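Everything below concerns the one structure shown next.
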Amino acid sequence: SQTIHQWPATLVQPVGSPLSLECTVEGTSNPNLYWYRQAAGRGLQLLFYSVGIGQISSEVPQNLSASRPQDRQFILSSKKLLLSDSGFYLCACLPQQYTQYFGPGTRLTVL
Amino acid sequence: AQKVTQAQTEISVVEKEDVTLDCVYETRDTTYYLFWYKQPPSGELVFLIRRNSFDEQNEISGRYSWNFQKSTSSFNFTITASQVVDSAVYFCALSGGDKIIFGKGTRLHILP
């Protein structure tokens, strides 16, 4: 079965600083990969998804970007963080069995 | 357009009571999947169940049961004899092409 790793687990960054969150997947190949953000007490907002290496679909226009340099690696980045970027970031994997599995998440606080 | 509605934002019940979480969905696809996930305070989403649109059989897993009714586009989740450890946010979701569409979640409080 697949395992999803995310790091860092928690991050505190000043406004205007860059961001790089990493997600790696084990136990499956060629999965769809997803980045979600969850603001405090709110639902899941899909940010990006990828169906293959180098293929990124953006759901919400914002100052974030995503990249998929390898089959099982998905990176979320920003050049300059905003206060509104604070939240809980979840990486998810959709392998062939049509069930989406989630990583442990990264809690980002922008001050 | 595909949509998942969880009308119950927050529910509180006393331990050992039964509780049902409602989920109503919209889709034009004939083949789709429905899901329930649990998000405990730790934050990680835990997969609970997946249901194929062609399989309307209800499912029971321990204290958990799911009622899928295509006629009403509903996929409700019942916890029998609730326990404090069941306290969490529960999300219903629907597959849509390459994406999974989530409801806004229901926060469940089980009071001791």
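The listed protein sequences correspond, in order, to chains A and B.
Heads up, the first sequence is in our numbering, so the first residue is 726 and it goes up one at a time.
Heads up, the second sequence is in our numbering, so the first residue is -11 and it goes up one at a time.
In this text, a Cβ means the ideal position worked out from N, Cα and C, and glycines have one as well.
A quick note: this is a predicted structure, and the numbers were derived from the prediction, not measured.
- Non-local C-beta neighbours of Y826(A) in its own chain, meaning closer than 7 Å and more than five positions away in sequence, comprise Q727, I729, A817, C818, ordered along the chain.
- Assignment of beta-bridge partners to G779(A) by DSSP yields no partner.
- Counted as a single uninterrupted DSSP element, the beta strand (DSSP E) harbouring L789(A) occupies residues 789 to 795.
- The stretch 733 to 742 of chain A and the stretch 765 to 780 of chain A do not touch, with fewer than three beta-carbon pairs separated by less than 8 Å.
- By the 16-neighbour rule on beta-carbons within 10 angstroms, F42(B) is exposed.
- T824(A) has a beta carbon lying within less than 8 Å of a beta carbon in chain B.
- Using a 10 angstroms sphere on the CB of L99(B), the tally of other CB atoms stays under 16, which defines it as exposed.
- For Y21(B), same chain residues with a beta-carbon under 8 Å away, outside a window of 5 residues either side, are R38, R39, N40, S41, L82, S83 in chain order.
- At a C-beta separation below 9 Å, Y774(A) has these neighbours in chain B: D86, K87.
- With a threshold of 16 other beta carbon atoms within 10 Å, V740(A) falls short and is exposed.
- Residue pairing from DSSP places S62(B) in a beta bridge opposite V12(B), Q57(B).
- A contact between stretches requires three or more CB pairs, one per stretch, nearer than 8 Å, and the stretch 64 to 76 of chain B meets this requirement with the stretch 1 to 14 of chain B.
- By a beta-carbon distance limit of 8 Å, Q(-6)(B) contacts K92(B). Their separation comes to about 6 Å.
- Taking 8 Å as the cut-off, the beta carbon of T94(B) is found no closer than this to the beta carbon of L36(B).
- Exclusion of the five residues before and after C748(A) leaves I729, H730, Q731, L758, W760, Q798, F799, I800, L801, C816, G828 as the residues of its chain whose Cβ lies within less than 8 Å of its Cβ.
- Within its own chain, the residues whose Cβ lies closer than 7 Å to the Cβ of A764(A), once the five positions on either side in sequence are excluded, are G812, listed in chain order.
- A straight-line Cα-Cα distance of about 7 Å links P28(B) and S75(B).
- Around the C-beta of D810(A), 16 or more other C-beta atoms lie within 10 Å, and the residue is accordingly described as buried.
- For a Cβ distance threshold of 9 Å, residue set K87, I88, I89, F90 of chain B lies close to L771(A), ordered along the chain.
- Residues of the stretch 795 to 814 of chain A with a C-beta atom less than 9 Å from some C-beta of chain B are F813, listed in chain order.
- Remark: C-beta atoms of L806(A) and V785(A) do not approach each other more closely than 8 Å.
- For chain A, the residues of the stretch 24 to 54 of chain B that bring a beta carbon within less than 9 Å of one of its beta carbons are Y25, Q27, S30, G31, E32, L33, V34, F35, R38, N40, in chain order.
- In the displayed model, S49(B) falls within a strand according to three-state DSSP.
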